[in-house]
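Undergrad:
2 protein chains.
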Amino acid sequence: MSSSRASLFEDDGCRVGVVHMRRVEEARRETIAERDLERLALTYKVLGDPNRLKIVMALKNVEMCVCDLAAFLRLSESAVSHQLRRLKDLALVRKRREGQRIYYALDDDHVAELLNVGLEHVRE
Amino acid sequence: MSSSRASLFEDDGCRVGVVHMRRVEEARRETIAERDLERLALTYKVLGDPNRLKIVMALKNVEMCVCDLAAFLRLSESAVSHQLRRLKDLALVRKRREGQRIYYALDDDHVAELLNVGLEHVRE
DNA sequence: ATAATAATTGAATATCTGTTCAGATAATCA
DNA sequence: TGATTATCTGAACAGATATTCAATTATTAT
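Sequence order for the protein chains is A and B. If you read the first sequence in the numbering used here, its first letter stands for residue 1, the second for the next number, and so on. If you read the second sequence in the numbering used here, its first letter stands for residue 1001, the second for the next number, and so on.
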């Protein structure tokens, strides 16, 4: 019976053909908190830009200042600074001031692990 | 000496102040292939949208057809179909036809692992 | 102080992205 | 066959995004 069709009214009042109502309701129950999901999406999104990804990949090995990263990416320091702020807002990197320079590093081990799992998938 | 400043000509001809040339060169050597990096960035990017993320989270538990997912997300089937194509292009989901319906599921275990590691980071 | 270096910030713009809409395929059934 | 259901596709538009540019803050050196 689970594959039989059911035409019914959804709780938002729209008449729709729902094939597996059980699965839909189950999925709704299992969904994580909207706040967590939003933050998780932002985390992936921030890694989804080639230049930001290059930054975190480089920081896997050693901390670097903005100037280093700009030279590495062949990008303006302003552009790098903008990207670093996004990475920092999501707790992917942390900064440490030393005189005039500010050194960036990965914030915790989860970040490196996230990169490794992603690489495994890409190289499968 | 590694913290001394070095003003020099980069190989692209731009005069820039590079603080830790060793680190920059090391980072350039360690960089993964541009093709892999591009693909890795696309993988994260595709997970970086709340609706697409909801889709893969739901598919962690059970396969679902487009109609189910549209009901679950309260989104048009067209919109869901567009998103599913992006997920499929990056091998995050696979499809299986059964009559008129097409069922989607996660493509491999890496995907679920990627979600789990991401969740750990968000909830830390 | 003044100058120089490192990094940040906000505004502007060109580009990219997600959804909608209308129409096209594909499979099933009367 | 024609009708219905499920899914896909391409164009278009509104909203988001990355970089550049100019100006600003913070630190160090003279």
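Note that CB positions come from ideal geometry on N, CA and C, so glycine has one too. Note that this is a predicted model, so its numbers are computed, not measured.
Check distances from the C-beta atoms of the stretch 1032-1048 of chain B to those of chain A and list, in chain order, the residues that come in under 8 Å.
TA: Ile1032, Asp1036, Leu1037, Glu1038, Arg1039, Leu1040, Ala1041, Leu1042, Thr1043, Tyr1044, Lys1045, Val1046, Leu1047 and Gly1048
Undergrad: Quick one, which of B/Asp1107, B/Arg1123, B/Ser1078 and B/Leu1092 has its alpha-carbon nearest B/Thr1043's?
TA: B/Leu1092
Undergrad: Check the Cβ of B/Lys1088 against every Cβ in chain A and list those closer than 8 Å, keeping chain order.
TA: The contacting residues do not exist; B/Lys1088 stays about 14 Å from chain A at best.
Undergrad: Classify B/Gly1048: buried if its beta carbon has 16 or more other beta carbons within 10 angstroms, exposed otherwise.
TA: Buried: at least 16 other Cβ atoms inside 10 Å.
Undergrad: Can you list, in chain order, the residues of the stretch 72-99 of chain A whose Cβ is nearer than 7 Å to any Cβ on chain B?
TA: Phe72 and Arg74
Undergrad: Over what stretch of residues does the alpha helix (DSSP H) that includes A/Glu120 continue unbroken?
TA: Asp109 to Arg123
Undergrad: According to DSSP, what are the bridge partners of A/Tyr44?
TA: DSSP output for A/Tyr44 lists no bridge partner at all.
Undergrad: Just list the residues that DSSP pairs A/Val93 with in beta bridges.
TA: A/Leu106
Undergrad: Quick check: B/His1110 and A/His20, are their CB atoms within less than 8 Å of each other?
TA: no
Undergrad: On a CA-only basis, which of A/Leu90, A/Glu30, A/Leu53 and A/Cys65 is nearest A/Gly99? Give me that one, please.
TA: In this structure, A/Cys65 is the residue among A/Leu90, A/Glu30, A/Leu53 and A/Cys65 with its C-alpha nearest to the C-alpha of A/Gly99.
Undergrad: Name the residue from A/Lys54, A/Asn61 and A/Ala27 whose alpha carbon lies nearest to the alpha carbon of B/Arg1039.
TA: A/Lys54
Undergrad: Would A/Ala123 be called buried (16 or more neighbouring beta carbons within 10 Å of its own) or exposed?
TA: Residue identity check: residue 123 of chain A is Arg in the sequence provided, not Ala. By the neighbour-count rule (16 or more Cβ atoms within 10 Å), A/Arg123 is not buried but exposed.
Undergrad: Report the CB separation of A/Ala105 from A/Leu59 in whole angstroms; it is logged as a contact under 8 Å.
TA: 6 Å
Undergrad: Tell me which residues share the same chain as A/Glu77 and place their Cβ nearer than 7 Å to its Cβ, disregarding the 5 neighbours each side in the sequence.
TA: So the qualifying residues of the chain are Val66, Cys67 and Ala70.
Undergrad: Under 8 Å between C-beta atoms, does B/Leu1106 make it to chain A?
TA: no
Undergrad: Apart from the five residues on each side of it in sequence, which residues of its chain come closer than 6 Å, Cβ to Cβ, to B/Tyr1103?
TA: Glu1063, Cys1065 and Arg1096
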